[in-house]
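Contents: one structure, followed by commentary.
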Amino acid sequence: MIQTVKVRPGAFEVNHSLNQSYDIKIGSGLMEKAGILFRDSRLSEKTIIITDSTVNKIYGSRLQRILSSEGFTSFILEVPVGEDQKCLDTAARLYSELSKLNTERTTTIVALGGGVIGDLAGFVAATYMRGVALVQIPTTLLAQCDSSIGGKVAVNHGNLKNQIGTFYHPKLTISDTDTLKTLSVREFCDGLAEVIKYGIIQDDQFFSYLENSIKQIRNLEETALAYIVSRSATIKSGIVEKDEFDLGLRNILNFGHTIGHAIESVSNLSIWHGEAVAIGMIIESKISETLKLLSKDEVERITKLLKVSGLSVEIPNLDRDQIIEAMYHDKKANRGKLKFALPQGIGKVEIIDDIPVEIIKKALG
Ligand SMILES: NC(=O)c1ccc[n+]([C@@H]2O[C@H](COP(=O)([O-])OP(=O)(O)OC[C@H]3O[C@@H](n4cnc5c(N)ncnc54)[C@H](O)[C@@H]3O)[C@@H](O)[C@H]2O)c1
Ligand SMILES: [Zn+2]
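For the working numbering, count along the sequence shown from 1 and bump the result up by 235.
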C-alpha cells in the first residue's frame, strides 16, 4: 500500500511566495513505480540522477531501467561516499557535468541516496540556473524520516556544517522502504534515534507504538517500516509547514541535539549523529527531570526504548569539560543562546535557554 504525505511548505505563513505543495510517497516496492510517479508529477523527459558510489552500485542502473520503461532518459552523476563530498568543490564539479549534459531548467535532478546526497544534490538543483526541478529518492532511514523533509539543502564550508545553503523543496519524494533492507544494522539503528525523537517531542501515541512494535521494526517488517516513515514525515512536515524558514517552532526538532552535537564533535565523529542524539536525548531528559518537567519513570521509558532500538545508552567515556566547551562553542557559532528543547512529559517539549551549567554537569554525570 502506498501512503501519501502531502507537504505544504509555509502554508501557515503570511506573504509567502514559495507556497507550493508536493507529495511524499511512502511504501514498499515504490522504486519500481518511479516512472509512473514521475509521469503523474508531469516531470520532463530528461532526468539526471545524482548518487554516491555505494547507492549507485545497488540502485543506479535499476532506477535508470525503471525510468526508461516509462520513456524517461536518465544520466547518472556519481560522487564518492562521505560527508566530505558535501562541499562547494563537489557542487562545482557537478555544475560542470550538468553543463556538459546540456541541462535545462526543465531537466529533473534526482537525489538518490542518504542525507549527504539529498543535501548536496538538493543544493545543486536549487542553485543551478537559479533552480531546476528536484525529486528526492531517500534511501536511508535518516533521509526518509528526517533530512529529505523540510527543504533545507546545503553544503559544508570550512569546519562549519551546512554553512552554505538555502530552502528548496522537491516536486516529489519517493521513499521506498525496501531500500532500508540494504543498510547496515548500525546505519538503520542510527536513523531510529530521530524517529524516537518525534514521539517524545510531539506524539505520545507514536512513542507507545514504537515501544510495542520495536521487534517488527528491527525485523524490517513492511507495515512497520511504512508506518514509522509516514508518521515521521507527517510530524516533521507539520512542523515545517508552520515554520518553513526555521524562525522558531523548528527548534523543537533540536531535542537531544544541543548535547548530541557536542558529543558527536568531541568523539571526532566516531560516534555517529543518531547515536550521539540518543545519548543527548537521555542527558537532556535528565535535565528535564531535574527541572521537574519529566518523571523518573518517563526518563526510564525513553532510555529503555533507545536501548532496545540498538542504540547505546551509556554516556561515552569522553571528557565532560570538553563536551560542555563544545556546546558553548556551538552557541558562539550560532550567535544565539544555548537553547534546549526539553521534554515536558512524553509528547511535548518546551524551549528553555540559559540552563545553569551545574544542572547540565549533573545530568552528564
Ligand atoms: N537537510 C536536513 O534537514 C538534514 C537533516 C538531518 C541530517 N542531514 C544531513 O544528512 C547527512 C547524513 O545522512 P545519512 O545518515 O543518510 O548519511 P549518508 O548519506 O552518508 O548515508 C550513509 C551511508 O549509507 C550508504 N547508503 C545510503 N543508502 C543506502 C542503502 N539503501 N543501502 C546501503 N547503503 C546505503 C551511503 O552510501 C553512505 O555510505 C548529514 O550530512 C546531515 O547533515 C540533513
Ligand atoms: Zn539530527
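No residue lacks a Cβ here, since even glycine has one placed at the ideal position from N, Cα and C.
Between the CA atoms of residue j and residue i - distance to the nearest angstrom
i    : j    : result
A459 : S334 : 42 Å
H251 : T538 : Since pLDDT at H251 reaches only 44, below the 50 mark, its modelled position is unreliable, and the value read off the structure follows with that caveat. Cα to Cα, H251 sits roughly 41 Å from T538.
V249 : K477 : Low per-residue confidence applies at V249: pLDDT is 47, beneath 50, and the placement is therefore not dependable enough to give any value.
Y563 : V345 : 38 Å
Q371 : Q579 : 34 Å
F442 : S547 : 18 Å
D381 : I271 : 25 Å
I506 : I498 : 8 Å
A428 : I474 : 18 Å
I259 : S410 : 7 Å
K450 : V592 : 38 Å
Q557 : L347 : 37 Å
E267 : L395 : 38 Å
I586 : S520 : 13 Å
S296 : S304 : 12 Å
S500 : D319 : 15 Å
Own chain partners of residue i with C-beta closer than 7 Å, once the 5 adjacent residues on each side are dropped
i    : result
E457 : S263 and T412
T289 : V316
E280 : G306, F307 and T308
N486 : K574, A576 and I586
K387 : G400 and F402
I595 : I522 and I559
Check: residue i C-beta below 7 Å from any heavy atom of ligand 1
i    : result
I352 : yes
T414 : yes
K321 : yes
T417 : yes
A269 : no
L546 : no
L302 : no
T469 : no
Bridge partners - residue i, DSSP secondary structure assignment
i    : result
A389 : G400
C322 : N391
Y257 : V242
T408 : I259 and Q371
CB contact flag (residue i, residue j, <8 Å)
i    : j    : result
T493 : K597 : no
I435 : T342 : no
K321 : D354 : yes
I384 : I285 : no
Y257 : K406 : yes
S465 : Q238 : yes
Y330 : Y363 : yes
G491 : G515 : yes
Contact test: residue i Cβ vs ligand 2 heavy atom, cutoff 7 Å
i    : result
E429 : yes
V314 : no
H508 : yes
D381 : yes
V388 : no
H392 : no
H492 : yes
V512 : yes
Close-in-space but distant-in-sequence residues of the same chain around residue i (CB under 6 Å, 5 per side omitted)
i    : result
V367 : R340, T342, I344 and A360
L376 : L415, F423 and G426
N446 : Strictly speaking, residue 446 in this sequence is Glu, with Asn absent from that position. So the qualifying residues of the chain are L540.
Q255 : none
F310 : I283 and L336
A219 : Examination of residue 219 is not possible in this model, given that the chain is present from 236 through 600 alone.
L455 : K416
Contacts around residue i, its chain only, beta-carbon distance under 8 Å, and the 5 residues preceding and following it disregarded
i    : result
N552 : none
L484 : I474, K477 and D478
S502 : A511, P551 and L553
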